[in-house]
Amino acid sequence: MKQRIINVAIFVIAIVGLNVLASFVFFRWDLTQEKRYTISDATKRLLQNLDGQVVIKVYLSGDFPAGFERLERAIQETLESFSDYGGANIAYRFIEPNDPKLQEELTQKGLIPTNLFANEEGKRTERLVFPGAVLVYEGKEYAVQLLKGNKTSSSEEQLNQSYEGVEFELASAIRRMTSKERKRIGILVGHTKVPPPRFSDLLATLQQNYDLYFDIQNPDSWEKGDLLIIPKPDTPFTEDEKYRLDQFVMRGGKLLLFADGARVDSVSLEGTFAQPLALNLEDLLFKYGCRINQNLIKDLSCALIPLNVGNMGDKPQIKPMPWRFFPLINNFGLHPIVRNLDAVYTRFPSTIDTVEAPNIRKTPLLMTSQYTKLLKAPALVAYNEARQQPDPRDYNAGIKNIALLLEGSFSSLYNNRLLPNDPRTSSFIGQGKPAKILIVSDGDMLVNDIDYSRDAPLPLGFDRLSGRVFANKDFALYAIDYLVDSEGLITSRYNQVTLRTLDKIRLKDDRIPWQLINLVLPLLMIGVLGGIWQWWRQRKYATG
Numbered sequence: 049m050k051q052r053i054i055n056v057a058i059f060v061i062a063i064v065g066l067n068v069l070a071s072f073v074f075f076r077w078d079l080t081q082e083k084r085y086t087i088s089d090a091t092k093r094l095l096q097n098l099d100g101q102v103v104i105k106v107y108l109s110g111d112f113p114a115g116f117e118r119l120e121r122a123i124q125e126t127l128e129s130f131s132d133y134g135g136a137n138i139a140y141r142f143i144e145p146n147d148p149k150l151q152e153e154l155t156q157k158g159l160i161p162t163n164l165f166a167n168e169e170g171k172r173t174e175r176l177v178f179p180g181a182v183l184v185y186e187g188k189e190y191a192v193q194l195l196k197g198n199k200t201s202s203s204e205e206q207l208n209q210s211y212e213g214v215e216f217e218l219a220s221a222i223r224r225m226t227s228k229e230r231k232r233i234g235i236l237v238g239h240t241k242v243p244p245p246r247f248s249d250l251l252a253t254l255q256q257n258y259d260l261y262f263d264i265q266n267p268d269s270w271e272k273g274d275l276l277i278i279p280k281p282d283t284p285f286t287e288d289e290k291y292r293l294d295q296f297v298m299r300g301g302k303l304l305l306f307a308d309g310a311r312v313d314s315v316s317l318e319g320t321f322a323q324p325l326a327l328n329l330e331d332l333l334f335k336y337g338c339r340i341n342q343n344l345i346k347d348l349s350c351a352l353i354p355l356n357v358g359n360m361g362d363k364p365q366i367k368p369m370p371w372r373f374f375p376l377i378n379n380f381g382l383h384p385i386v387r388n389l390d391a392v393y394t395r396f397p398s399t400i401d402t403v404e405a406p407n408i409r410k411t412p413l414l415m416t417s418q419y420t421k422l423l424k425a426p427a428l429v430a431y432n433e434a435r436q437q438p439d440p441r442d443y444n445a446g447i448k449n450i451a452l453l454l455e456g457s458f459s460s461l462y463n464n465r466l467l468p469n470d471p472r473t474s475s476f477i478g479q480g481k482p483a484k485i486l487i488v489s490d491g492d493m494l495v496n497d498i499d500y501s502r503d504a505p506l507p508l509g510f511d512r513l514s515g516r517v518f519a520n521k522d523f524a525l526y527a528i529d530y531l532v533d534s535e536g537l538i539t540s541r542y543n544q545v546t547l548r549t550l551d552k553i554r555l556k557d558d559r560i561p562w563q564l565i566n567l568v569l570p571l572l573m574i575g576v577l578g579g580i581w582q583w584w585r586q587r588k589y590a591t592g
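Per my numbering, the very first residue in the sequence shown carries number 49; after that it's consecutive.
Structure representation (structure tokens):
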């Protein structure tokens, strides 16, 4: 009896000791195959270094179908992990937005609602859900859309993609709100004829998180930023400007270039010619490891344009027709910038080739479908071509790159080219620090349309005909985030959760046997174990 009391006391003391130790030492063991409950090191550092409380209001709450319940549970699990590392600086709550006034406020803050349809008591019902959150920090608010993913996927797959992106969307929003140091981004608008309102949607978004400055044809300002963006250049760079770009990269600067390979100024029914576009950057890009070709891509996977296909009486018949010069890009490389990205809308893109460059890692990001055809500039472009039925056998050029990421220590184009008496030799850098360059062979990817009736910019990637917003802005923002984020927070987009779907045919055929196994087998096991236990007790005490 005394020994039993001692054993119980030791057990109680051990349990109490473990609880006391757990209050001082945080430990978690993630046994899932995809490590779905493990957040990235960059996110942990962000949360541990918070100097104020971030309140996260999640508006995805209520009685939902299984897919949305899973997303709600993923958000809750992620926030629990955030709270473990952020402590009192992370506070969150789930709110069901039933009030119409609240719904209107959330829409104004930027949360996009989703319609859910259901049958209740034989009636079809519809309600709005807001799969997003609003973060509050030091009086500032920031809305985060948590339902993302590729819209061409099934709804189940899109919800799973949203599940995978919860950590990054929330963590990046926290970083934007709490960061004391804002990165500087230079926009080189001195080489484009596109008017400023056509870039306004992207610039307005960037201004929320970065300090922007514009070159206004002043190369001296280029070295002041962490990133240089060159949007749709259409006039050549001078040799001095090219040298400054080269030295900016040599110092470890990041470069984001959206440039066409061919110029298409206007298109008529009769046709126009796409002319080769020379920017005087060809040798610089070649030295760094790539080449934008002077051609146009035609792709059977393309957007639609409104086209007059004839007259009905005295009225023209306008129908949407496939315009193969506007490929829809839904083929992506293996990189967090483009992971789970929706389709990207392009206009007159060209191909990008890779060339030899020592110690430079090249990662394709955006690629066409395999059904492509190439036209070498100068090439005839006419709307009437949309009327023609294409022969798939002519579209045999295969998959082509239109966006390429280059990473590494670049060698200068100007090695062994400066004369000894050149004043630039004193500051010249021949072998650069680690840098990143992202090349996109479509200058229009950053250009938003204009609603002329309201004299207001439309969202970047908005297609008037379908009313759909493509992922052009998401791609640009993720690319910028990757280029300037030294902490590597975007690596959390590598998170992958395998969607393990049930075989619906077998589920229907084998439903009753599995139901019986799940209901009856546990009862039988309990009965057998109980019988064995009773038999053992009777035998023990009968022999005693």
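Just so it is clear, CB atoms sit at the ideal spot from N, CA and C, and this is done for glycine as well. Quick caveat, the model's predicted, so the values are computed rather than measured.
Inset, instruction - Give the secondary structure of SER210 by DSSP, where H, G and I count as helix, E and B as strand, and everything else as coil. - result: helix
Legend entry - Cut-off 8 Å between Cβ atoms - residues of its own chain near ASN520, not counting five sequence neighbours on either side: VAL392, TYR393, MET493, LEU494, LEU508, GLY509
Inset, instruction - Output yes or no for whether 9 Å exceeds the beta carbon distance between GLU271 and PHE296. - result: yes
Legend entry - Own chain partners of GLU455 with C-beta closer than 6 Å, once the 5 adjacent residues on each side are dropped: ARG409, LYS484
Inset, instruction - With LYS149 as the anchor, note down where its alpha helix (DSSP H) starts and where it stops. - result: 148 to 157
Legend entry - For VAL392, the three-state DSSP class (helix, strand or coil): strand
Legend entry - Of the listed residues ASP503, THR91, THR162, nearest to LEU127 (C-alpha basis): THR91
Legend entry - Residue nearest to GLU404 in terms of C-alpha spacing, selected from LEU466, PHE374, ARG339, ASP263: ARG339
Inset, instruction - From the DSSP output, in three-state form, read off ARG441 for me. - result: helix
Inset, instruction - Could you tell me which residues DSSP pairs with ALA236 in its beta bridges? - result: A small correction: the amino acid at residue 236 is Leu; Ala does not occupy that position in the sequence shown. Paired residues: none, contrary to the question.
Inset, instruction - Mark LYS241 as exposed unless 16 or more other C-beta atoms lie within 10 angstroms of its C-beta, in which case mark it buried. - result: exposed
Legend entry - Coarse secondary structure for ALA90, derived from DSSP in three states: helix
Legend entry - Terminal residues of the beta strand (DSSP E) in which SER457 lies: 449 to 459
Legend entry - Pairwise C-alpha distance: LEU572 and ILE53: 36 Å
Legend entry - Beta-ladder partner(s) of GLN193, from DSSP: GLY180
Legend entry - Cα-Cα separation, TYR258 to ARG230: 5 Å
Inset, instruction - Return the CA-CA distance between ILE233 and LEU260, expressed in angstroms with no decimal places. - result: 5 Å
Legend entry - contact_flag[the segment 368 to 385, the segment 335 to 352] where n(CB pairs < 8 Å) is 3 or more: yes
Legend entry - Three-state class that DSSP yields for LEU79 in the structure shown: With a pLDDT of only 44 at LEU79, under 50, the local geometry of the prediction cannot be trusted, and the value read off the model is given with reservation. Residue state, collapsed to three classes: coil.
Inset, instruction - Just the C-alpha distance for LYS280 and ILE235, rounded to the nearest angstrom, thanks. - result: 11 Å
Inset, instruction - Please state if the CB of GLY480 and the CB of SER460 are separated by a distance shorter than 9 Å. - result: yes
Inset, instruction - Ignore the nearest five residues each way along the sequence and tell me which others in VAL64's own chain have a CB closer than 8 Å to its CB. - result: none
Inset, instruction - Please name the residue in GLY134, ALA219, ASN163, ASP111 whose C-alpha comes closest to that of LEU537. - result: ALA219
Legend entry - Local conformation of ALA322 per DSSP, three classes: strand
Legend entry - Own chain residues within Cβ distance below 7 Å of PRO505, not counting five before or after: PRO245, SER248, ASP249, ASN496, ILE498
Legend entry - Buried or exposed by the 16-neighbour rule on C-beta atoms within 10 Å, applied to GLY158: exposed
Legend entry - Where LYS521 sits in the DSSP three-state scheme: helix
Legend entry - Alpha-carbon to alpha-carbon, THR253 and TYR336: 30 Å
Inset, instruction - Tell me ASN343's beta-bridge partners as DSSP assigns them. - result: LYS424
Legend entry - Those residues which DSSP pairs with ARG559 across a bridge: ARG559 pairs with nothing; no bridge assigned.
Legend entry - Whole-angstrom distance between GLY115 and VAL568, CA atom to CA atom: 29 Å
Inset, instruction - Identify the continuous alpha helix (DSSP H) that holds GLN295 and give its terminal residues. - result: 287 to 298
Legend entry - VAL192 beta carbon near the ligand GDP (any heavy atom closer than 8 Å): This structure does not include the ligand GDP; it has no bound ligands of any sort.
Legend entry - CA nearest to the CA of ILE143, picked from ASP470, LEU108, GLU189: LEU108
Inset, instruction - Using 10 angstroms around the beta-carbon of TYR589, count the other beta-carbons present and answer buried if the total reaches 16, otherwise exposed. - result: exposed
Inset, instruction - Hey, could you find the ends of the alpha helix (DSSP H) THR126 is sitting in? - result: 114 to 134
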